[in-house]
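Asks: Chains as they are written, first to last, in UniProt numbering: chain E, 1 to 192; chain F, 1 to 192; chain V, 1 to 192; chain S, 1 to 192. Just dropping this structure here.
There are 4 protein chains.
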Amino acid sequence: MSRTGPRRSESIRVAVLNAADDLLVEQGFAATTIEGIAARAGVAKQTIYRWWKSKVEILLDALADDALEGLAWAEPSGTAAEDLTAHLHRIAGFFQEPAGQVLQALLGHAQLDQGAAAALREGFLLRQRERDLAGLGAIIERHTGRTPDEENLARLTDLLLGPIYYRVLVFGEPADKDLLEATAHLTLKLAI
Amino acid sequence: MSRTGPRRSESIRVAVLNAADDLLVEQGFAATTIEGIAARAGVAKQTIYRWWKSKVEILLDALADDALEGLAWAEPSGTAAEDLTAHLHRIAGFFQEPAGQVLQALLGHAQLDQGAAAALREGFLLRQRERDLAGLGAIIERHTGRTPDEENLARLTDLLLGPIYYRVLVFGEPADKDLLEATAHLTLKLAI
Amino acid sequence: MSRTGPRRSESIRVAVLNAADDLLVEQGFAATTIEGIAARAGVAKQTIYRWWKSKVEILLDALADDALEGLAWAEPSGTAAEDLTAHLHRIAGFFQEPAGQVLQALLGHAQLDQGAAAALREGFLLRQRERDLAGLGAIIERHTGRTPDEENLARLTDLLLGPIYYRVLVFGEPADKDLLEATAHLTLKLAI
Amino acid sequence: MSRTGPRRSESIRVAVLNAADDLLVEQGFAATTIEGIAARAGVAKQTIYRWWKSKVEILLDALADDALEGLAWAEPSGTAAEDLTAHLHRIAGFFQEPAGQVLQALLGHAQLDQGAAAALREGFLLRQRERDLAGLGAIIERHTGRTPDEENLARLTDLLLGPIYYRVLVFGEPADKDLLEATAHLTLKLAI
DNA sequence: CACTAAACGAGACGGTACGTCTCGTCTTGTG
DNA sequence: CACAAGACGAGACGTACCGTCTCGTTTAGTG
């Protein structure tokens with residue numbers, strides 16, 4: 001016997017996530033307040049508090065939809081170097097998009113708040129880590145015929161993704177083409 | 001003709017920087033408020049606002065003293081690989097110390113606030129970048145006898161430091177020994 | 001042709017009135033919210049709003065049953081002074097009972113809300129006024145053989161009841177025995 | 001050594017009391033919210049909460065200035081009956097003025113809230129009671145040459161003021177001329 | 001004995017005000 | 001004139017109820 005009464009409104013959920021996204025891109029993280037989101041989404045504050053605990057949760061929700069796509073690995077389709085370089089470009093481009101800015105903000109906030117850090121990890125980063133390991137593993141396997149062991153794969157992933165995140169998070173600017181290619185080649189060199 | 005009246009009190013400056021440092025480590029960035037710093041330092045709020053524009057500036061000030069030391073490159077003293085690995089360990093250790101936590105917090109906040117990002121860049125990151133370029137350049141030069149050109153050196157620095165910052169900023173945990181060594185070796189391989 | 005479907009549930013009506021009564025006595029008027037009444041009565045909010053417009057209406061409903069009895073005039077049975085004094089004691093006692101507290105709260109709220117004042121007047125006070133006029137009139141008539149004219153009777157009623165309400169509403173405490181007796185005697189003195 | 005720093009702003013105090021007064025008269029007690037008072041007075045909410053605990057305290061403060069004057073006893077100047085009647089008219093008129101409406105609202109709210117009742121008692125009613133006892137006592141003394149004992153005086157005061165408050169608080173309308181005169185005469189009759 | 005049709009529980013929703021918190025500015029008197 | 005103390009305007013916080021609304025479910029009658 002399912003429960004009675006009205007169900008959670010999907011249109012509200014979407015409106016809130018969009019409002020949060022928009023505010024973050026337009027005004028930045030600090031100005032993205034629950035009140036602001038509520039006003040922008042045309043929704044009562046209490047309605048937001050009913051479904052989300054904090055703006056971090058909202059942004060995490062918003063991220064879940066968009067980032068999985070933006071950071072997805074394409075099917076291997078060329079040489080290993082081409083595939084890797086293409087993926088790095090994909091990442092660099094992602095951080096220019098709204099969803100990428102959301103991720104960047106959440107990563108920033110995670111440095112300042114243990115709880116947010118844990119939530120981001122559980123809600124997004126670990127999942128993404130799996131996909132990164134799998135994506136890189138698939139390319140290596142296709143190229144060498146062998147599946148790298150877990151430990152090596154993890155290390156290779158850090159080597160591959162480290163520099164690009166470093167440029168974005170520390171210097172606030174996307175990595176340039178040459179760096180991406182160098183990173184891809186170097187990672188491959190170690191992988192073989 | 002020098003002006004009359006009391007001059008800026010150095011003891012207040014130190015008390016404020018220490019209070020900020022302490023609060024950040026003990027309570028985190030969000031709880032490190034100007035009000036809190038003032039109370040902890042036994043100083044009036046207005047006095048702080050007279051000399052600093054924001055808590056970011058205070059922390060930047062605090063960082064200036066400590067981080068330059070914590071992230072300094074030692075004189076080359078062994079093989080290139082040894083020197084690089086040692087420096088990476090130094091960095092990893094730095095993020096466990098108070099000064100490292102201040103830097104981490106400022107990097108986090110920089111993702112959320114354009115102004116803070118610029119201030120951090122001007123006040124610390126660019127200076128540190130120079131030192132990283134110089135430090136890595138010196139090691140390569142000692143090993144190969146040749147000075148790498150600027151472009152290559154920048155790329156090598158990103159490859160070297162990227163993974164370690166990636167692990168700290170994205171996963172909130174220090175890079176493990178193996179990753180550090182792999183990074184150092186790989187960077188060297190490309191450098192030669 | 002009478003309509004189909006379930007009829008208004010009497011048990012709900014009683015449960016709501018009791019819940020309201022109880023809450024008022026236990027928690028006070030402000031804490032007597034529609035939500036609280038609904039929860040206490042085990043009833044949906046909408047069900048309450050279907051049958052009552054406000055908590056004032058609910059309390060008025062609750063009063064209707066009890067207060068008519070609590071403020072009723074007994075049959076004249078002794079000397080006029082005795083009867084009057086007895087009735088005043090009845091009133092003083094009434095304000096200690098739950099129903100009396102409900103009336104007191106409604107009188108209080110009526111000072112703050114024109115609509116509630118009107119509702120209380122229509123729903124209770126005017127009816128009670130009639131009964132007070134009649135009750136006092138009957139005693140005077142039995143004592144003097146004459147029926148006082150309306151205007152005089154109204155004035156006498158105000159003189160009789162004023163002090164006791166004054167003590168309750170202004171000082172929050174029941175009138176003492178001596179005041180009640182003095183009031184009764186004085187009213188009689190003027191009546192003759 | 002007196003303390004440093006800014007002092008409480010008297011102009012703010014006055015602005016808040018006036019705003020509260022105005023709102024109460026224009027919109028009623030329920031619509032007289034702290035937020036509304038703050039907005040109307042051009043003052044931050046926090047500033048209100050710094051100096052007053054609730055809107056009741058604000059209104060009490062507002063009352064303190066005005067009501068002492070509005071309910072003051074004039075110097076005896078005619079016959080006792082004239083003086084008493086004049087004072088009753090004064091009271092009746094007072095309830096038509098803003099200050100009177102404030103008192104009426106506070107009396108109303110006192111029925112609903114123990115704390116407010118106590119505050120009203122302490123902050124106003126007891127003081128006023130003293131003045132009423134003294135005022136009536138003075139008139140009686142001038143008329144009879146004797147000072148009534150305390151107990152009698154209290155009873156006489158209740159008899160004198162009861163009916164007029166009764167008409168206002170229970171029926172929401174001022175007592176008519178005849179009732180005031182009858183009350184005054186009757187009280188006097190008992191006093192002698 | 002279906003077939004209405006309203007009553008009912010549950011509770012989501014847009015609002016308003018609450019009382020609290022912290023911000024950055026401004027004001028006042030002391031050393 | 002730097003400083004402590006702290007009042008002040010501003011505005012977001014998270015909570016409590018408001019009164020309205022939408023859902024299934026339950027409960028009479030009517031045909």
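We treat Cβ as the ideally placed atom computed from N, Cα and C, and that holds for glycine. Being a predicted model, the structure only gives us computed values, none of them experimental.
Nearest-angstrom Cα distance between S:A31 and S:F95?
Replies: The sequence position of residue 31 of chain S within the fourth sequence is 31, counting from 1. The sequence position of residue 95 of chain S within the fourth sequence is 95, counting from 1. Answer to the nearest angstrom: the Cα atoms are 20 Å apart.
Asks: Please report the residue range of the alpha helix (DSSP H) in which F:D178 lies.
Replies: Position 178 of the second sequence holds residue 178 of chain F. 177 to 191 is the span of the alpha helix (DSSP H), which, as asked, contains F:D178.
Asks: So is V:K45 buried or exposed if we call it buried at 16+ other beta carbons inside 10 Å?
Replies: Along the third sequence, read from residue 1 onward, the residue named residue 45 of chain V stands at position 45. With fewer than 16 Cβ atoms within 10 Å of its Cβ, V:K45 is classed as exposed.
Asks: Does any C-beta atom of chain E lie closer than 8 Å to the C-beta of F:A110?
Replies: Here residue 110 of chain F refers to the residue found at position 110 of the second sequence. F:A110 counts as touching chain E.
Asks: Quick one: using the 10 Å Cβ neighbour count with 16 as the cut-off for buried, is V:V14 buried or exposed?
Replies: The count along the third sequence starts at 1 and reaches residue 14 of chain V at position 14. It is exposed - the Cβ of V:V14 has fewer than 16 other Cβ atoms within 10 Å.
Asks: Could you give the uninterrupted runs of the alpha helix (DSSP H) lying entirely in the region 90 to 133 of chain E, keeping only those of 4 residues or more?
Replies: Whole alpha helix (DSSP H) segments, 4+ residues: 98 to 112, 114 to 120.
Asks: Given S:R8, which residues of its chain have a CB within under 8 Å of its CB, disregarding the five upstream and five downstream residues?
Replies: For this step, residue 8 of chain S is matched to residue 8 along the fourth sequence. Counting only Cβ-Cβ distances below 8 Å, and skipping sequence neighbours, we find W51.
Asks: F:A117 versus chain E: which residues are under 7 Å apart at the beta carbon?
Replies: Here residue 117 of chain F corresponds to residue number 117 of the second sequence, with the count starting at 1. Within 7 Å Cβ-Cβ: G172.
Asks: In angstroms, rounded to a whole number, what distance separates the CA positions of V:V170 and V:D113?
Replies: Taking the third sequence and counting its residues from 1, one reaches residue 170 of chain V at position 170. Taking the third sequence and counting its residues from 1, one reaches residue 113 of chain V at position 113. Rounded to the nearest angstrom, the two C-alpha atoms are 18 Å apart.
Asks: Determine, for F:S2, whether the minimum Cβ-Cβ distance to residues of chain E falls below 8 Å.
Replies: Here residue 2 of chain F refers to the residue found at position 2 when the second sequence is read from its first residue. The predicted model places F:S2 with a pLDDT of 46, which falls under 50 and marks its position as unreliable; any figure quoted below should be read in that light. With 8 Å as the cut-off, F:S2 does not count as an interface residue toward chain E.
Asks: How is the alpha helix (DSSP H) around S:G36 delimited, first residue to last?
Replies: One-based indexing of the fourth sequence puts residue 36 of chain S at position 36. First-last of the alpha helix (DSSP H) with S:G36: 34 to 41.
Asks: Could you check where the alpha helix (DSSP H) with S:F171 kicks off and where it finishes?
Replies: Translated into the one-based positions of the fourth sequence, residue 171 of chain S becomes position 171. Start and end: 150 to 171.
Asks: Assign V:T79 to one of three DSSP states: helix, strand, or coil.
Replies: In the third sequence, residue 79 of chain V corresponds to position 79, counting from 1. The answer is coil: DSSP assigns V:T79 none of H, G, I, E or B.
Asks: Would you call the region 55 to 62 of chain V and the region 127 to 138 of chain V in contact, with 3 or more CB pairs under 8 Å?
Replies: With a cut-off of 8 Å, the region 127 to 138 of chain V and the region 55 to 62 of chain V do not count as touching, because too few Cβ pairs lie within range.
Asks: CA-CA distance, E:E10 and E:V16?
Replies: Along the first sequence, one-based indexing puts residue 10 of chain E at 10. Along the first sequence, one-based indexing puts residue 16 of chain E at 16. Taking the straight line from one Cα to the other gives about 10 Å.
Asks: Go through its chain and collect everything with a Cβ distance to E:G137's Cβ below 8 Å, but skip five positions before and after it.
Replies: Taking the first sequence and counting its residues from 1, the one referred to as residue 137 of chain E is at position 137. T147, P148, L153, listed in sequence order.
Asks: In chain V, which residues lie with their C-beta within 9 Å of the C-beta of S:Y49?
Replies: Taking the fourth sequence and counting its residues from 1, the one referred to as residue 49 of chain S is at position 49. The premise fails here: S:Y49 is roughly 19 Å from chain V at the closest Cβ pair, so nothing lies under 9 Å.
Asks: Could you tell me whether the Cβ atoms of V:A184 and V:L88 are closer together than 8 Å?
Replies: For the purposes of this step, residue 184 of chain V is taken as the residue at position 184 of the third sequence. For the purposes of this step, residue 88 of chain V is taken as the residue at position 88 of the third sequence. Yes; because the gap between Cβ atoms is below 8 Å, this pair is in contact.
Asks: I'd like the list of long-range same chain contacts for E:L84, defined as Cβ closer than 6 Å, with 5 residues on each side in sequence excluded.
Replies: Numbered from its first residue, the first sequence carries residue 84 of chain E at position 84. Hits under 6 Å: A184.
Asks: Please report the Cβ distance between S:L179 and V:D158, rounded to the nearest whole angstrom; I am assuming they are in contact, meaning their Cβ atoms lie under 8 Å.
Replies: Position 179 of the fourth sequence, counting from 1, holds the residue named residue 179 of chain S. Position 158 of the third sequence, counting from 1, holds the residue named residue 158 of chain V. Confirmed, Cβ separation roughly 6 Å.
Asks: Quick one, which of E:Y49, E:E82, E:P98, E:L68 has its alpha-carbon nearest E:F29's?
Replies: Numbered from its first residue, the first sequence carries residue 29 of chain E at position 29. Nearest option by C-alpha distance: E:P98.
Asks: CB-CB under 8 Å to S:L156, same chain, minus the five flanking residues each way: which ones, in chain order?
Replies: Mapped onto the fourth sequence, residue 156 of chain S falls at position 156. Contacts found: L136, I140, P148, T187, L190, A191.
Asks: In the DSSP assignment, the alpha helix (DSSP H) including V:K55 goes from what residue to what residue?
Replies: Position 55 of the third sequence holds residue 55 of chain V. That run of the alpha helix (DSSP H) goes 55 to 70.
Asks: Determine the DSSP secondary structure at residue 210 of chain V, reduced to helix, strand or coil.
Replies: Coverage of chain V is limited to positions 1 through 192, which leaves residue 210 of chain V absent and any answer about it impossible.
Asks: Quick one: does F:R131 have its CB under 8 Å from some CB of chain E?
Replies: Residue numbering aside, residue 131 of chain F sits at position 131 when the second sequence is read from its first letter. Not an interface residue.
Asks: Residues in the region 27 to 45 of chain S with C-beta within 7 Å of chain V's C-beta atoms, listed in sequence order?
Replies: If the cut-off is 7 Å between Cβ atoms, the region 27 to 45 of chain S has G28, F29, A30 near chain V.
Asks: If you measure from the beta carbon of E:A67 to each beta carbon in chain F, is any gap under 8 Å?
Replies: For the purposes of this step, residue 67 of chain E is taken as the residue at position 67 of the first sequence. No, its Cβ sits nowhere closer than 8 Å to a Cβ of chain F.
Asks: List, in chain order, every chain V residue whose beta-carbon is nearer than 8 Å to that of S:D104.
Replies: Translated into the one-based positions of the fourth sequence, residue 104 of chain S becomes position 104. One detail in the question is off: residue 104 of chain S reads as Gln in this sequence, not Asp. Chain V residues near S:Q104: Q111.
Asks: Of the residues that make up the region 139 to 162 of chain E, which ones have a beta carbon closer than 7 Å to any beta carbon in chain F?
Replies: Against chain F - using a Cβ distance shorter than 7 Å - the residues of the region 139 to 162 of chain E are R155, D158, L159, L161, G162.
Asks: Closest by CA to E:T47, which one among E:V102, E:E181, E:I12?
Replies: For this step, residue 47 of chain E is matched to residue 47 along the first sequence. Measuring from the Cα of E:T47, the nearest candidate turns out to be E:I12.
Asks: Taking the C-alpha atoms as reference points, what is the distance between S:V102 and V:H109?
Replies: By 1-based counting over the fourth sequence, the position of residue 102 of chain S is 102. By 1-based counting over the third sequence, the position of residue 109 of chain V is 109. Roughly 14 Å between the two C-alpha positions.
Asks: In three-state DSSP terms, what is S:A30?
Replies: Stepping through the fourth sequence from its first residue, residue 30 of chain S is reached at position 30. Correct three-state label for S:A30: coil.
Asks: For the region 56 to 89 of chain S, which residues have a beta carbon sitting closer than 7 Å to at least one beta carbon of chain V?
Replies: Residues: none.
Asks: Answer with yes or no whether the minimum CB distance from E:L136 to chain F is below 8 Å.
Replies: Position 136 of the first sequence holds residue 136 of chain E. Taking Cβ atoms only, chain F never reaches closer than 8 Å to E:L136, which makes this a no.
Asks: Excluding the five sequence neighbours on either side, which residues of its own chain have a C-beta within less than 8 Å of the C-beta of S:F124, listed in chain order?
Replies: On the fourth sequence, residue 124 of chain S is found 124 positions in, with the first residue counted as 1. If we look at S:F124 and ignore the five residues flanking it on each side, its Cβ neighbours are L60, L63, A64, A67, L103, L106.
Asks: Within the same chain, show all residues whose beta-carbon is closer than 6 Å to that of E:E36, passing over the 5 residues directly before and after it, in chain order.
Replies: For this step, residue 36 of chain E is matched to residue 36 along the first sequence. Strictly speaking, residue 36 of chain E in this sequence is Gly, with Glu absent from that position. Once the five neighbours on either side are set aside, the close Cβ partners of E:G36 are L23.
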